[in-house]
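In our numbering, the protein residues as written are 150 to 573.
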């Protein structure tokens, strides 16, 4: 059992402050928290003195890519990309084809550690490794479990590497979810998914009581391809296929939409994941929330694992087209929790907490909290992290894994991965 004594607790929904309280944190995916009059002295329990520190709910990443973790600084690109399709072809598709189970494991461990140290205790990931499909999701899940970060995974099914690989992706998804793991049915994007594969993915999502996780209109190419091949825009295509019928469905990006598509999304139960930094990096456009409804959350798209940073950039980027306001910003920042809760996913309960060592220079209260998040708080103030009632970060250091060993393992696997990419 973990006890937090003398803490200033901030309710993540109401932003009400409770100062100088003792908190008992129960372990497990459905564990709770209780405010108590005193904490035990000694024994097997873990007691953190949080005097002068703030405790609130930890964070969720609404759209990530574990497979990008070993790309940092790589010098394997054979041609400098000149457009978004070439970014995919010469960077991400070149990388994912060279992943094997060891490099997937290293990527997942690195990502999970980064999540944990940034206060992200639950990650929704979208994975691709076309030459190492079978067992890839379980490899990621075990790495996240080892670090202590909750997860909702999917495999990125696509026809771009052949229909046999698309079928293998469907089988990996079904096997993973049937094993008892939480998962979604992943698709890459409309322009790499044919009618047969799309229909099979929707049927599988229905069979497994799951949903679809897919990139939507990230670049204009997605719309051009859909109109040319199917005589309709991407969202219309997904609506016709039934992909928008699931409340568990996550649509990443959603940049190049017309008014009809916006109306279809607003009328559906699906969720949208905004990834501002990735969109800026790829020069594909900016997210416009107009007419899309309330089901929007933030992701990182594999750029990093810092949700405070991701949310801030999205807020500042949105200032260019009208702004979303403080309330809109904070609601969207916390919406990933609501997505998980509404759809019955476990692992993001009230016993997921961050301890903030933050000494504010101005009044820190319910009315000023969001302003502090935007203009003062950063992940550097995260001192300790509790995931599903388990203390996984203490004094900014991982407790569950040896960071130096993971880093050494990752460097070794990155060297091998980059070498394979150069020879491909």
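Backbone N, C-alpha and C define an ideal beta-carbon position, used for all residues, glycine too.
Using the Cα positions of residue 292 and residue 479, report the straight-line distance between them to the nearest angstrom. Walking along the chain shown from the start, residue 292 turns up at place 143. Walking along the chain shown from the start, residue 479 turns up at place 330. Using only the alpha carbons, I get a separation of about 30 Å.
Verify whether the separation of the beta carbon atoms of residue 210 and residue 456 is less than 8 Å. Position 61 of the chain shown, counted from the start, is the residue given in the question as residue 210. Position 307 of the chain shown, counted from the start, is the residue given in the question as residue 456. Contact: yes.
In this structure, how does DSSP classify residue 500 when only helix, strand and coil are distinguished? For the purposes of this step, residue 500 is taken as residue 351 along the chain shown, with counting starting at 1. Residue 500 falls in the coil class under three-state DSSP.
Who pairs with residue 332 in a beta bridge, going by DSSP? Taking the chain shown and counting its residues from 1, the one referred to as residue 332 is at position 183. In the DSSP output, where bridge partners are listed per residue, residue 332 has 302.
Considering only residues of the region 325-381, which uninterrupted alpha helix (DSSP H) runs meet the minimum length of 4 residues and lie entirely inside it, listed in chain order? 344-356 and 369-379
So residue 482 and residue 447 are in contact, right, with Cβ under 8 Å, and what is the actual spacing, rounded? Translated into the one-based positions of the chain shown, residue 482 becomes position 333. Translated into the one-based positions of the chain shown, residue 447 becomes position 298. Yes, they are in contact, since the Cβ atoms of residue 482 and residue 447 sit about 6 Å apart, within 8 Å.
On the DSSP letters alone, give me the boundaries of the beta strand (DSSP E) that residue 574 sits inside. Outside the modelled stretch of the chain, which goes from 150 to 573, sits residue 574, for which no answer is possible.
Among 321, 331 and 240, nearest to residue 92 - alpha-carbon criterion: Nothing in the structure corresponds to residue 92, since the chain is present only between 150 and 573.
If you drop the 5 nearest sequence neighbours on each side, which residues of the same chain put their C-beta closer than 7 Å to that of residue 470? Within the chain shown, numbered from 1, the residue matching residue 470 stands at position 321. These residues qualify, in order along the chain: 435 and 437.
Where residue 420 and residue 568 are concerned, what is the direct C-alpha to C-alpha distance, given to the nearest angstrom? Walking along the chain shown from the start, residue 420 turns up at place 271. Walking along the chain shown from the start, residue 568 turns up at place 419. For residue 420 and residue 568, the distance between alpha carbons rounds to 38 Å.
Am I right that residue 253 and residue 217 are in contact with their C-beta atoms under 8 Å? What's the rounded C-beta distance? Looking up residue 253 in the chain shown gives position 104. Looking up residue 217 in the chain shown gives position 68. Going by Cβ atoms, the distance from residue 253 to residue 217 rounds to 12 Å, so no, they are not a contact pair.
Is it right to say residue 271 is buried, meaning 16 or more other beta carbons lie within 10 angstroms of its own, or is it exposed? To locate residue 271, count along the chain shown from 1; it is residue 122. By the 10 Å Cβ count, residue 271 comes out buried.
If contacts are defined as beta-carbon pairs under 8 Å, then residue 212 and residue 273 qualify, I think. What distance do you get, rounded to the angstrom? For this step, residue 212 is matched to residue 63 along the chain shown. For this step, residue 273 is matched to residue 124 along the chain shown. Contact flag correct, Cβ pair sits at about 6 Å.
What is the rounded straight-line gap between the Cα of residue 390 and the Cα of residue 384? Looking up residue 390 in the chain shown gives position 241. Looking up residue 384 in the chain shown gives position 235. Roughly 10 Å between the two C-alpha positions.
Residue 152 and residue 188 - do their beta-carbons sit closer together than 8 Å? One-based indexing of the chain shown puts residue 188 at position 39. One-based indexing of the chain shown puts residue 152 at position 3. Yes, these two residues count as a Cβ contact at 8 Å.
If the criterion is Cβ atoms closer than 8 Å, does the pair residue 268 and residue 358 meet it? Mapped onto the chain shown, residue 268 falls at position 119. Mapped onto the chain shown, residue 358 falls at position 209. Taking 8 Å as the Cβ cut-off, residue 268 and residue 358 do not qualify as a contacting pair.
Just the C-alpha distance for residue 308 and residue 539, rounded to the nearest angstrom, thanks. Here residue 308 refers to the residue found at position 159 of the chain shown. Here residue 539 refers to the residue found at position 390 of the chain shown. The straight-line gap from Cα to Cα measures roughly 41 Å.
For residue 422 and residue 366, the rounded distance between their alpha carbons: Residue 366 sits at position 217 when you count from the first residue of the chain shown. Residue 422 sits at position 273 when you count from the first residue of the chain shown. Straight-line Cα distance between these residues: approximately 12 Å.
If we call anything under 8 Å between Cβ atoms a contact, is residue 322 one with residue 353? Indexing the chain shown from 1 puts residue 322 at position 173. Indexing the chain shown from 1 puts residue 353 at position 204. Yes.
Taking the continuous beta strand (DSSP E) assigned at residue 195, which residues delimit it? What you label residue 195 is simply residue 46 of the chain shown in a count that begins at 1. It spans 195-198 - the beta strand (DSSP E) in which residue 195 sits, taken as one unbroken run.
Helix, strand or coil at residue 403 [DSSP, three-state]: Numbered from 1 along the chain shown, position 254 holds the residue referred to as residue 403. In this structure, residue 403 counts as coil in the three-state DSSP scheme.
Apart from the five residues on each side of it in sequence, which residues of its chain come closer than 6 Å, Cβ to Cβ, to residue 246? As a working mapping, residue 246 is identified with position 97 in the chain shown. Here the set comprises 279 and 280.
Alpha carbon to alpha carbon, what distance is there between residue 393 and residue 415? If you number the chain shown from 1, residue 415 lands on position 266. If you number the chain shown from 1, residue 393 lands on position 244. Their Cα atoms are separated by approximately 10 Å.
Sheet register partners of residue 533 (DSSP bridge): Taking the first residue of the chain shown as 1, we reach residue 533 at position 384. For residue 533, which the question treats as bridged, DSSP gives the partners 504.
Assess, as a yes-or-no matter, whether the region 550-559 is touched by the region 508-523 under the definition of 3 or more beta carbon pairs within less than 8 Å. no
Identify which residue in 215, 303, 405 and 179 has its Cα closest to the Cα of residue 374. Against the chain shown, residue 374 aligns to sequence position 225. When each option's Cα is compared against that of residue 374, the closest is 405.
Quick check: does the Cβ of residue 453 come within less than 7 Å of any heavy atom belonging to the ligand COA? Within the structure as shown, the ligand COA is missing, as the structure has no ligands at all.
Quick check on residue 513: buried or exposed, where buried means 16 or more other Cβ atoms within 10 Å of its Cβ? Your numbering for residue 513 matches position 364 in the chain shown. Its Cβ being crowded by 16 or more others within 10 Å, residue 513 is buried.
Among 461, 196 and 334, which one has its Cα closest to the Cα of residue 320? Position 171 of the chain shown, counting from 1, holds the residue named residue 320. Minimum Cα distance to residue 320 is reached at 334.
Short of 8 Å in beta carbon distance, which residues of its chain neighbour residue 195, apart from the five on each side in sequence? Order them along the chain. The residue given as residue 195 occupies position 46 in the chain shown. Correct list, in chain order: 150, 151, 152 and 540.
Rounded to whole angstroms, what's the CA-CA distance from residue 562 to residue 443? Just pull it up for me. In the chain shown, counting from the first residue as 1, residue 562 sits at position 413. In the chain shown, counting from the first residue as 1, residue 443 sits at position 294. One C-alpha to the other measures close to 41 Å.
Mark residue 356 as exposed unless 16 or more other C-beta atoms lie within 10 angstroms of its C-beta, in which case mark it buried. In the chain shown, counting from the first residue as 1, residue 356 sits at position 207. Exposed: under 16 other Cβ atoms inside 10 Å.
Considering only the beta carbon of each residue, do residue 197 and residue 255 sit closer than 8 Å? Reading the chain shown from its first residue, position 48 is the one you call residue 197. Reading the chain shown from its first residue, position 106 is the one you call residue 255. For residue 197 and residue 255, no; Cβs fall outside 8 Å.
Three-state secondary structure assigned by DSSP to residue 214: Translated into the one-based positions of the chain shown, residue 214 becomes position 65. Coil.
Have a look at residue 476 and residue 523 and give me their C-alpha separation to the nearest angstrom. As a working mapping, residue 476 is identified with position 327 in the chain shown. As a working mapping, residue 523 is identified with position 374 in the chain shown. Cα to Cα, the separation comes out at about 12 Å.
Measuring straight from C-alpha to C-alpha, what distance separates residue 425 and residue 537? For the purposes of this step, residue 425 is taken as residue 276 along the chain shown, with counting starting at 1. For the purposes of this step, residue 537 is taken as residue 388 along the chain shown, with counting starting at 1. Between residue 425 and residue 537, the C-alpha separation is close to 29 Å.
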